[in-house]
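Numbering (my numbering), first residue to last: 1062 to 1287.
Yeah, the Cβ is synthetic: ideal placement off N, Cα and C, and Gly gets one too.
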Amino acid sequence: MRYFLSFVLLFLLAGCNEDGFYSNRSQPYIGGGNGGHKAAQNSDIKLIGGSKKEDVETARIKAEAEKEIARINMEKEVLIQKLKGATEVEKAGISKEIAEKQAEAARQKAVIDKDIAIKHDQTQRQIAQSSHEMQKWIILVAGLFLLGLIIFIFYNSSRNRKERLKMHKDRLDQELYLKEQEMRVKIAERVLDTIASGKLNPEQENRLIDNMAGSSNLLPDRSEKE
1062 MRYFLSFVLL FLLAGCNEDG FYSNRSQPYI GGGNGGHKAA QNSDIKLIGG
1112 SKKEDVETAR IKAEAEKEIA RINMEKEVLI QKLKGATEVE KAGISKEIAE
1162 KQAEAARQKA VIDKDIAIKH DQTQRQIAQS SHEMQKWIIL VAGLFLLGLI
1212 IFIFYNSSRN RKERLKMHKD RLDQELYLKE QEMRVKIAER VLDTIASGKL
1262 NPEQENRLID NMAGSSNLLP DRSEKE
């Protein structure tokens, strides 16, 4: 604004000078002699009067310009003070709002942290419970497996024991059968040797043969049992 007023002032001054210059040039020259001298004197008087008028107008414009500049500066200072005051108030309001937002953010953060802690505790409990359940299932499965293994071992051992006992019994029966057959053969050989010796009469031979048959019948027949 100051620059604008200065520009207006210079423009007005330039306009006044041009008016005086063109007015002086527009005066016609009157014929020579006194007429020309009077015309020159009149021109000088007008020029002096114009210069004084221009000085007064310039002073007036300058005073008004300075007054306007002072008024503008005063209004500017008032506006600056108002702006400063408004800025401080706005800053206070913004600071208060920021503090409220920060407090709200802190509360939200506290709530979120609490929720996170609760979720973490719940997750830990769920993990512990799941781990406990898993351990129970592992123990149950391991117990069932061990029980099945023990039953299998016991059943297999019992079956093997029965098979071994049966094999042992069969072996004993076979040995006994062989011994019985061997005994029969020996008895038959002795009877035949006695009969062949001719020392017995027919009645004694028949009795010996009957005794041999009876003793053979007394021995168990293993082949029939088998």
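Straight-line gap, residue i to residue j (C-alpha atoms, nearest Å)
| i | j | result |
| --- | --- | --- |
| F1215 | M1228 | 19 Å |
| D1174 | L1201 | 40 Å |
| L1226 | I1199 | 39 Å |
| R1251 | F1213 | 56 Å |
| K1223 | N1272 | 41 Å |
| G1204 | E1243 | 57 Å |
| I1130 | T1119 | 16 Å |
| T1184 | A1164 | 29 Å |
| I1179 | M1195 | 24 Å |
| L1233 | E1241 | 12 Å |
| F1206 | K1197 | 14 Å |
| E1266 | A1257 | 10 Å |
| K1123 | M1135 | 18 Å |
| T1255 | E1264 | 13 Å |
| Q1187 | V1172 | 22 Å |
Practice problem: State whether the segment 1236–1243 contacts the segment 1210–1226, with contact taken as three or more CB pairs (one from each stretch) at a distance under 8 Å. | Solution: no
Self-check item: Any alpha helix (DSSP H) of 4 or more consecutive residues that is wholly inside the segment 1181–1205
Solution: As far as the segment 1181–1205 is concerned, it has no whole alpha helix (DSSP H) run of at least 4 residues.
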